[in-house]
Each structure stands twice: as C-alpha cells, then as structure tokens.
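Colleague: Position 39 of the sequence shown, counted from 1, bears residue number 55 in the numbering used here, the numbering being contiguous throughout.
Have a look at the structure that comes next, please.
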Amino acid sequence: MSDQLRYDYAGIDSLLQQAHSEQSQLVQLNEEMNSIRNQCASLWEDPQSADAFQQVYQNWISSSNDVQQVLQSIISAAQAGNQDMSATNSSIASGWG
17 MSDQLRYDYA GIDSLLQQAH SEQSQLVQLN EEMNSIRNQC ASLWEDPQSA DAFQQVYQNW
77 ISSSNDVQQV LQSIISAAQA GNQDMSATNS SIASGWG
C-alpha cells in the first residue's frame with residue numbers, strides 16, 4: 017500500500033466533461049418535454065384533468081431543475097478541486113527545481 021496520493025487530472029477532467037454533457041442532455045430533455053406539454057395542453061377536454069396534468073408536469077420540472085442545480089454544483093466543486101490540486105502539485109514541483 018502506497019502512502020502517496022496520485023491524481024489523474026486529465027481523467028478527472030474527462031469525467032467532468034462527460035457529466036457536463038449529461039447535464040446538457042437533461043436540459044434538452046426538459047425543453048423537449050415542454051414542447052410535448054404544449055402540444056398536449058389543447059387535447060384535454062376536462063379542465064380537472066388538464067389541471068392535474070399541469071400540476072404533475074410542474075412537479076417534474078421542479079424536480080428536474082433541482083437535479084440540474086445539484087449536478088452543476090458537483091461539477092463546479094470537482095472542477096475547482098481538480099484545478100486547485102493541479103496548481104498545488106505544479107507549485108510544489110517547481111519548488112524542487
């Protein structure tokens with residue numbers, strides 16, 4: 017067992033880019049869902065059904081927005097940590113030379 021910490025900065029960046037891509041896909045899915053909702057809105061003959069659908073849709077959007085915010089916070093924190101660790105590593109390495 018090694019007592020050294022090793023970081024794969026490029027690997028971490030790659031995973032963060034993938035997470036950002038997934039977040040972008042979630043945003044796109046929300047936009048598609050809104051388009052579908054707009055198309056469905058005129059199909060409801062019963063106002064109670066339309067209201068129930070709208071309430072469920074708003075809950076879904078709210079939850080999806082919460083997930084997006086949490087994901088963005090995780091991505092931002094991980095990026096900052098990766099950049100800080102890389103800068104610290106470079107600073108230490110330059111101190112030896």
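Positions of the beta carbon are idealized from the N, C-alpha and C atoms, including for glycine.
Note that this is a predicted model, so its numbers are computed, not measured.
#1: Can you check which of these residues, 104, 112, 111 and 72, is closest to residue 22 by C-alpha distance?
#2: Quick one: residues in its chain with C-beta nearer than 8 Å to the C-beta of residue 42, no 5 flanking neighbours on either side, listed in chain order?
#3: Return the Cβ separation of residue 69 and residue 60 in integer angstroms, given the expectation that the two are a contact with Cβ distance under 8 Å.
#4: Where does the unbroken alpha helix (DSSP H) through residue 112 begin, and where does it stop?
#5: On the three-pair Cβ rule with 8 Å, is the stretch 89-103 touching the stretch 20-38?
#6: Once DSSP output is grouped into helix, strand and coil, what is the label at residue 37?
Modeller: If we stick to the structure as given:
#1: For the purposes of this step, residue 22 is identified with residue 6 of the sequence shown, where counting begins at 1. Taking each of 104, 112, 111 and 72 in turn and checking the Cα distance to residue 22, the smallest one comes out for 104.
#2: What you label residue 42 is simply residue 26 of the sequence shown in a count that begins at 1. Taken in chain order, the residues that qualify are 80, 83, 84 and 87.
#3: Within the sequence shown, numbered from 1, the residue matching residue 69 stands at position 53. Within the sequence shown, numbered from 1, the residue matching residue 60 stands at position 44. About 7 Å separates the two Cβ atoms, so the contact holds.
#4: Counting from 1 along the sequence shown, the entry for residue 112 is found at position 96. Taken as a continuous stretch (DSSP letters only), the alpha helix (DSSP H) holding residue 112 covers 63-112.
#5: yes
#6: Walking along the sequence shown from the start, residue 37 turns up at place 21. In the structure shown, residue 37 adopts helical secondary structure according to DSSP, grouped into three states.
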